[in-house]
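I have placed the structure first, in the form of structure tokens, so that the comments after it can refer back to it.
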Amino acid sequence: MRIKTIQALDNFVLKITTKDGIDGLFDVKPYLQSEAFQSLKQEDNFSKVRNYDYYIEWENGADLSADTIGCSMKKVSQ
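The numbering of the sequence shown is this note's numbering, which starts it at 52 and goes up by one.
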């Protein structure tokens with residue numbers, strides 16, 4: 052899976068569109084317990100997510116692979 056677009060929403064959720072046209076929501080809250088994701092509890096840090104097609108990354112260096120996102124993403128109808 053490759054990520055086309057990503058948007059940070061409220062409540063630590065990401066709106067994802069894949070390159071093959073699938074739209075979904077990915078809940079990052081379970082990851083916020085990890086030390087690498089601690090600074091993302093501040094929403095201004097959480098919103099600074101960047102897309103690199105096969106993974107996403109925040110300014111603090113925390114990242115998630117597209118495969119990880121794809122396994123847990125809840126698909127939404129278009």
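Quick reminder that beta carbons are idealized off the backbone N, C-alpha and C, glycines included.
For residue i, the first and last residue of its enclosing alpha helix (DSSP H)
| i | result |
| --- | --- |
| Ser123 | Ala117 to Ser123 |
| Asp95 | Glu94 to Phe97 |
Cβ pair residue i, residue j closer than 9 Å
| i | j | result |
| --- | --- | --- |
| Asn96 | Lys80 | no |
| Ala103 | Ile73 | First, the amino acid is wrong: residue 103 is Tyr here, not Ala. No. |
DSSP-derived helix/strand/coil call for residue i
| i | result |
| --- | --- |
| Gln58 | strand |
| Glu188 | The requested residue 188 is not part of the displayed model; the chain covers only 52 to 129. |
The beta strand (DSSP E) enclosing residue i, as first and last residue numbers
| i | result |
| --- | --- |
| Ile67 | Val64 to Thr69 |
| Val100 | Val100 to Asn102 |
Tell me whether the stretch 76-90 and the stretch 103-116 touch, counting them as touching only if at least three CB pairs, one residue from each stretch, are closer than 8 Å.
yes
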